[in-house]
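Novice: The structure is given below, and queries will be raised subsequently.
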Amino acid sequence: MTNAANTSVANVANAKRQTTYPRLVTPKTIKEGKNKNGTELVSFIGEYKSRGSDKVRTMFHSASGCALDAIRATLKEGQPIRVFGVFDEMPADGERRAKQIFRIIGKSLSREQVAEEMQQAA
Numbered sequence: 000m001t002n003a004a005n006t007s008v009a010n011v012a013n014a015k016r017q018t019t020y021p022r023l024v025t026p027k028t029i030k031e032g033k034n035k036n037g038t039e040l041v042s043f044i045g046e047y048k049s050r051g052s053d054k055v056r057t058m059f060h061s062a063s064g065c066a067l068d069a070i071r072a073t074l075k076e077g078q079p080i081r082v083f084g085v086f087d088e089m090p091a092d093g094e095r096r097a098k099q100i101f102r103i104i105g106k107s108l109s110r111e112q113v114a115e116e117m118q119q120a121a
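At position 101 of the sequence shown (counting the first as 1) the number is 100 in numbering that gives the first Met the number 0, and the numbers step up by one without a gap.
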């Protein structure tokens, strides 16, 4: 193995895993579109409450690919959905400044629903 190969293997092995966070979010102003690769994308401003606080906060949320397929049926303005995802940084461009977004990875299911689906699959 060359030094370049060793370096790239080491980088992959040492890569940090992102922590996922559950969230009950209420979508407002949903926008559908496609990214530059042609993948369908949904973005919206979502209202949520932080754990241990009654204060309602808003944040930009996005979902694409499998995550979008998982939440599409329940994605309606004003209807809360339980999801999980990671925090990402949206880079600045000429029109807007950099900001933090919540990238949805999937729809959260209760333990009872997961157990029921496992029994049906078996």
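Virtual Cβ for every residue (Gly too), placed ideally from N, Cα, C. As the structure is a computational prediction, the values presented were derived from the model and not from experiment.
Does the Cβ-Cβ distance between F59 and G84 come in under 8 Å?
Specialist: For this step, residue 59 is matched to residue 60 along the sequence shown. For this step, residue 84 is matched to residue 85 along the sequence shown. The answer is no: Cβ separation not under 8 Å.
Novice: Looking at the unbroken alpha helix (DSSP H) that takes in Q17, where does it start and where does it end?
Specialist: Taking the sequence shown and counting its residues from 1, the one referred to as residue 17 is at position 18. No alpha helix (DSSP H) contains Q17, which DSSP labels as neither H nor E.
Novice: T25 and G51 - do their beta-carbons sit closer together than 8 Å?
Specialist: Taking the sequence shown and counting its residues from 1, one reaches residue 51 at position 52. Taking the sequence shown and counting its residues from 1, one reaches residue 25 at position 26. Not a contact, by the Cβ cut-off of 8 Å.
Novice: Alpha carbon to alpha carbon, how far is I104 from E39?
Specialist: Stepping through the sequence shown from its first residue, residue 104 is reached at position 105. Stepping through the sequence shown from its first residue, residue 39 is reached at position 40. Cα to Cα, the separation comes out at about 14 Å.
Novice: Could you check if K54 belongs to the surroundings of the ligand MG, using beta carbon to heavy atom distance under 7 Å?
Specialist: For the ligand MG, the structure offers nothing, since it holds no ligand at all.
Novice: Cutting at 7 Å between CB atoms, please list the residues of its own chain near K98, excluding the five before and the five after it.
Specialist: By 1-based counting over the sequence shown, the position of residue 98 is 99. Once the five neighbours on either side are set aside, the close Cβ partners of K98 are F59, M89.
Novice: Tell me the residue span of the alpha helix (DSSP H) that contains E116.
Specialist: Along the sequence shown, one-based indexing puts residue 116 at 117. That run of the alpha helix (DSSP H) goes 110 to 120.
Novice: Flag I100 as yes if its beta-carbon sits less than 8 Å from any beta-carbon of chain D, otherwise no.
Specialist: Note that chain D does not occur in the displayed structure, where there is just one protein chain.
Novice: Which two residues bound the contiguous alpha helix (DSSP H) that contains A69?
Specialist: Locating residue 69 in the sequence shown gives position 70, counting from the first residue. Run containing A69: 65 to 70, per the alpha helix (DSSP H) assignment.
Novice: Using a 10 Å radius around the Cβ and a threshold of 16 neighbouring Cβ atoms, would you call L74 buried or exposed?
Specialist: Position 75 of the sequence shown, counted from the start, is the residue given in the question as residue 74. So L74 counts as buried.
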